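To start, the structure under review is shown below, and the notes come after it.
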Amino acid sequence: MAKLTAVQTKEALKTTPKWKKRGPLISRTYEFKDFVAAMKFVNGVARLAEKAWHHPDIDIRWNRVTLTLTTHDEGGLTEKDFALARKFDVGGRP
Numbered sequence: 001m002a003k004l005t006a007v008q009t010k011e012a013l014k015t016t017p018k019w020k021k022r023g024p025l026i027s028r029t030y031e032f033k034d035f036v037a038a039m040k041f042v043n044g045v046a047r048l049a050e051k052a053w054h055h056p057d058i059d060i061r062w063n064r065v066t067l068t069l070t071t072h073d074e075g076g077l078t079e080k081d082f083a084l085a086r087k088f089d090v091g092g093r094p
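Residue 67 in the working numbering sits at position 67 of the sequence shown, and the numbers go up by one each step.
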């Protein structure tokens with residue numbers, strides 16, 4: 001999958017409004033009522049990521065989970081990153 005241009009990235013960000021671009025990455029922090037709820041979310045994310053064969057970096061801080069996506073093979077963001085981010089926003093939630 002080809003790396004997105006700056007214009008394409010800007011358009012893709014409109015479909016993932018809570019995700020922020022940081023260089024060649026997009027990331028989002030989710031907040032939950034407690035650690036157990038955060039871990040349920042992470043387990044949902046793991047299932048979606050494995051199915052897509054595209055894996056985020058995951059940072060867990062008690063009730064906060066930060067996901068970061070990029071396509072390493074392409075050296076930046078691709079549609080694959082944004083498609084998975086949208087799935088996390090919908091299907092990763094417990």
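Idealized CB from N, CA, C, for every residue including glycine.
Fair warning: this is a prediction, and the values are worked out from it, not measured in the lab.
| request: Go to E74, then tell me how far its alpha helix (DSSP H) extends in each direction, as first and last residue. | output: Unbroken run through E74: none, as it is neither H nor E.
| Are R22 and L67 closer than 8 Å when you measure CB to CB? | In this structure, L67 does not lie closer than 8 Å to R22 by Cβ.
| query | What are the boundary residues of the alpha helix (DSSP H) that includes H51? | reply | The residue you asked about is not His; residue 51 is Lys in the sequence shown. In the DSSP annotation of this structure, the continuous segment of the alpha helix (DSSP H) that includes K51 starts and ends at 35-52.
| task | Would you list the residues sitting across from L67 in a DSSP beta bridge? | result | DSSP lists R28, I58 as partners of L67.
| message | Taking the straight line between their C-alpha atoms, what separation do you get for E50 and P56? | response | Our two residues, E50 and P56, have alpha carbons roughly 10 Å apart in a direct line.
| Residue span of the beta strand (DSSP E) that contains K20, given as start and end | Its beta strand (DSSP E) spans residues 20-22.
| Can you name, in chain order, every residue of its own chain whose Cβ lies under 8 Å from the Cβ of K18, other than the five neighbours on each side? | Correct list, in chain order: R28, D89.
| According to DSSP, is T9 helix, strand or coil? | T9: helix per DSSP, three-state reduction.
| task | Measure the alpha-carbon distance for K3 versus V45 and round it to whole angstroms. | result | One C-alpha to the other measures close to 23 Å.
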